[in-house]
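Asker: The structure is given below, and queries will be raised subsequently.
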Amino acid sequence: MPPRLNHRKSTRGCRRCKARKVKCSETRPKCQHCNRHNLPCEYAPLEPRMYTYREDTSSNRSTSTASTTTTTAALLSSPTSTSTTLSIPIPTPSPFTSNLQAPHLTPLNTTSLRLLHLYITST
7 MPPRLNHRKS TRGCRRCKAR KVKCSETRPK CQHCNRHNLP CEYAPLEPRM YTYREDTSSN
67 RSTSTASTTT TTAALLSSPT STSTTLSIPI PTPSPFTSNL QAPHLTPLNT TSLRLLHLYI
127 TST
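According to this note's numbering, the residues represented by the sequence shown are 7 to 129, in order.
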């Protein structure tokens, strides 16, 4: 049996198709199902995707690795570049977690590390 092809599940369908659990064509402003049945079609607001990285494939590329490698530092130093885009949304702090403090951690000494190693390897 051949291996399955990787794919990404679309989560951007209209609310009516999601409620009916059917495949949405995702055409805007009306998907094909809502257009066929003359129903109002509404989409949920688009949320930013985490770690979106896109590199322009239309430009001519050199065969050398140095010219095709794009580092994060280069992307961050030139945010107005049209050939590469890096978007990392900043999480908003939750009011429920703002009062929590990190637990106090004590450093392990060499004796504790040896005992831990002995326990892990012998059991």
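Beta carbons: idealized from backbone N, C-alpha and C, even for Gly.
To which residues does DSSP link Leu20 through a beta bridge?
Answerer: A small fix is needed here, since residue 20 is Cys in this sequence, not Leu. Per DSSP, Tyr49.
Asker: Just the Cα atoms here: how many angstroms apart are Cys20 and Cys37?
Answerer: Cys20 and Cys37 have their C-alpha atoms roughly 7 Å apart.
Asker: With respect to the alpha helix (DSSP H) encompassing Cys40, which residues constitute its N-terminal and C-terminal limits?
Answerer: 38–42
Asker: Which residue from Val28, Glu48, Leu124 puts its Cα closest to that of Arg34?
Answerer: Glu48
Asker: By a C-beta neighbour count over all protein chains shown, 10 Å radius and 16 as the cutoff for buried, is His39 buried or exposed?
Answerer: buried
Asker: Is Ser31 helix, strand or coil by DSSP?
Answerer: coil
Asker: Going by DSSP in three states, Thr116 sits in which element: helix, strand or coil?
Answerer: Note: Thr116 maps to helix in three-state DSSP.
Asker: Would you tell me roughly how many angstroms separate the C-alpha atoms of Arg10 and Arg22, rounded to the nearest one?
Answerer: 30 Å
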